[in-house]
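Q: Chains as they are written, first to last, in the numbering used here: chain A, 428 to 717; chain B, 10 to 189.
1. With DSSP run on the structure shown, which of helix, strand or coil describes residue 177(B)?
2. Whose Cβ in chain A lies nearer than 8 angstroms to the Cβ of residue 191(B)?
3. Report the partner residues of residue 47(B) according to the DSSP bridge assignment.
4. For a contact defined as C-beta to C-beta under 9 angstroms, what are the partners of residue 675(A) on chain B?
5. What are the residues that DSSP puts in a beta bridge with residue 579(A)?
6. Thinking C-beta only, is residue 684(A) closer than 8 angstroms to residue 658(A)?
7. How many Å lie between residue 51(B) and residue 101(B) at the Cα?
8. Pick helix, strand or coil for residue 25(B), following the three-state DSSP scheme.
9. I need the straight-line Cα distance from residue 486(A) to residue 74(B), nearest angstrom please.
10. Residue 14(B) bridges to which residues according to DSSP?
11. Looking only at its own chain, which residues have a Cβ that is under 6 angstroms from the Cβ of residue 461(A), when we skip the five neighbours before and after it?
12. Using a cut-off of 8 angstroms between C-beta atoms, extract the partners of residue 556(A) located in chain B.
13. Is it buried or exposed for residue 181(B), if we count other Cβ within 10 angstroms and need 16 for buried?
14. Tell me whether residue 692(A) sits in a helix, a strand or coil according to DSSP, three-state version.
15. By DSSP, does residue 86(B) sit in helix, in strand, or in coil?
16. Enumerate in chain order the residues of its own chain whose CB-to-CB distance from residue 586(A) is below 6 angstroms, with the five nearest sequence positions on each side excluded.
17. Between residue 677(A) and residue 457(A), is the Cβ-Cβ spacing less than 8 angstroms?
18. Return the residue from the list 607(A), 512(A), 559(A), 503(A) that minimises the CA-CA distance to residue 582(A).
19. Which residues of chain B have a Cβ atom closer than 9 angstroms to the Cβ of residue 540(A), listed in chain order?
20. Would you mind reading off the limits of the alpha helix (DSSP H) that contains residue 634(A)?
21. From the DSSP output, which residues share a beta bridge with residue 164(B)?
22. By alpha-carbon positions, which one of 483(A), 478(A), 448(A) ends up nearest to residue 506(A)?
23. How far does the beta strand (DSSP E) with residue 591(A) in it extend, from its first residue to its last?
24. Can you list, in chain order, the residues of the stretch 89-115 of chain B whose Cβ is nearer than 9 angstroms to any Cβ on chain A?
25. Would you mind sorting residue 189(B) into buried or exposed? The rule is 16 or more other CB atoms within 10 Å of its CB.
Below you can see the structure in the form of C-alpha cells.
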C-alpha cells in the first residue's frame with residue numbers, strides 16, 4: 428500500500444478533507460498490508476486445493492489492482508470517516524461538508540463506483556457522487572488528530588448483526604452468535620473475513636464498537652489479555668466451521684476476530700458483529716498541524 | 010484442479026453434464042443485472058409473459074462494475090450477493106434464463122428451481138474484481154442507463170474463473186461445505 432501524505436500547514440476542515448481525498452484512491456486500489464500478509468500466509472497453510480487456488484486469486488488481484496490503479500473490488504463502498512481530534516485542538520469550519528466534497532471528487536477522478544442512494548425508503552435513486560459519507564467525530568488526548576477512513580462494502584455489512592442478548596447468555600451465548608453468523612452469512616461477506624465484534628454500551632453504540640474493531644491490524648490483539656484470549660478462541664471457533672475462502676470450504680474463514688468491549692447497563696449484553704471482507708479497506712493516519 | 014470451459018449463452022443440454030463444485034472458465038455473452046434490474050424484469054415478465062431485451066436463453070451476472078479504466082471496458086467487476094435475487098430467480102429460470110453467476114449461498118427454492126428448469130448457478134470469488142475485469146473483452150449498455158452501475162450491460166467475457174454452485178440436478182455446494 429503506497430504511503431498517504433498526512434502533514435498540513437494547519438489542522439483545518441480543508442486539511443482533513445484533503446487527507447480523506449488522498450486516502451480514498453489508495454485504499455480502493457491496494458490491500459491493507461496486514462490483511463494481504465494474512466491471506467498470503469493462509470494460502471501456504473490451507474489444506475483445501477480449491478481454497479488455495481482462491482487465496483492465490485486474491486494475491487494476484489492485489490497485484491493487478493496496484494499495478495493498474497483499479498479497484499480491488501467493484502463495490503468501492505460507502506465512505507466512513509471517523510475523526511478523533513486531539514483535545515488540545517479546535518478544527519474550525521464544517522469538516523464533514525468539506526469531506527463530502529472530497530469524497531465526490533475522489534470517486535469521480537479515480538473512477539470508483541457510485542453506490543449511495545438518496546434515501547433508503549422513499550427515494551432509492553443514486554446520488555451519483557457516492558456522498559454523503561458516513562461520519563463520526565470523537566476526541567483523544569494530546570495534539571493533532573487521528574483520521575480513520577474506511578470504504579465499506581454492502582455485502583459484508585448486510586452479513587452483519589446487532590443482537591441484544593440477555594446477560595445470562597454470557598460468553599458462550601456470544602460465541603454461539605458469532606459462529607452462527609459466520610455459518611449463515613459468512614459466504615456472502617467474501618471470506619476470508621476480518622470480523623469486528625462489539626460487546627457492551629447501548630443499542631446504538633455497540634455497532635460502532637464492532638466497526639472500530641475492524642480498524643485494528645490483523646495479528647494485533649486487544650490490549651486487555653482477557654479480551655485477547657477471547658479473540659483467539661472466537662477465531663478458532665469461526666475457522667472450525669469450515670466455511671472457507673469464498674464460502675467454498677477450507678480452513679480460512681477469517682484471518683482475525685477483533686473484539687472491543689465497553690461498560691453497559693446491568694440488564695444488558697449488547698453484541699454487534701460487523702463482517703469485514705477479504706478486501707477490507709481502511710487506513711488510519713495521524714494529522715499534524717505544523 | 011482441471012478447469013472446464015463453458016461457452017455462454019448455454020442451453021440446458023450444454024449445462025447438463027456440469028457438477029456441483031467443478032471449477033470452470035466462462036466465455037461468451039453474459040448480462041449484468043442486480044437488485045433494481047430484477048425488480049423491473051420481474052414486473053415486465055408478469056405483464057408480458059416473457060423476458061425483455063431477448064434475455065431468454067441468456068446468462069445473468071449479478072454485478073455492478075466500476076467505470077472503464079486501465080484501457081479495459083470496465084475497471085473492476087465481481088459478483089454481488091446472489092440471495093438478494095432469490096425473489097425473482099425461479100421465475101426468471103422458468104422464463105428462459107439458463108445461467109446465473111453471483112456469490113454466496115442461496116435459498117433452497119433456487120436449487121429446486123435449477124433441478125426443475127435445468128439451469129445452473131455459478132459462484133465467482135468475491136473481492137477479486139480487478140482480476141475478473143481482465144476477463145471482460147467488451148461492455149455495452151443495453152438498458153436502464155439511469156441506474157448507473159445497475160444498468161443492464163451486455164458483456165463479452167473470456168475465461169472468467171468460477172465454480173458450479175448449483176448444478177442442474179439441484180446439488181448445492183453451499184449445503185455441502187463446512188463442518189458445523
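In this text, a Cβ means the ideal position worked out from N, Cα and C, and glycines have one as well. Here the structure is a predicted model, which means the values were calculated and not measured.
A: Working from what's here:
1. coil
2. Since the first residue shown for chain B is 10 and the last is 189, residue 191(B) is missing from the structure and cannot be characterised.
3. Partner(s): none; residue 47(B) has no beta bridge.
4. 30, 132, 134, 172, 174, 182, 183, 186
5. Residue 579(A) is bridged to 505(A).
6. yes
7. Each residue's alpha carbon lies about 8 angstroms from the other.
8. coil
9. 20 angstroms
10. 34(B)
11. 644, 645
12. Against residue 556(A), chain B offers no close residue; the least beta-carbon distance is about 11 angstroms (beta-carbon pairs closer than 8 angstroms).
13. buried
14. coil
15. coil
16. 612, 615, 616, 702
17. no
18. Put simply, of 607(A), 512(A), 559(A), 503(A) the residue whose alpha carbon is nearest the alpha carbon of residue 582(A) is 503(A).
19. Against chain B, the beta carbon of residue 540(A) has neighbours under 9 angstroms at 73, 74, 75, 76, 84, 85, 157, 158, listed in chain order.
20. Counting along the chain, the alpha helix (DSSP H) containing residue 634(A) begins and ends at 630-640.
21. Beta-bridge pairing links residue 164(B) to 39(B), 148(B).
22. 448(A)
23. Residue 591(A): member of the beta strand (DSSP E) spanning 588-592, first to last residue.
24. 89, 90, 91, 92, 93, 112, 113, 114
25. Annotation note: pLDDT 48 at residue 189(B) (below 50); position unreliable, coordinate value reported separately. Classification for residue 189(B): exposed.
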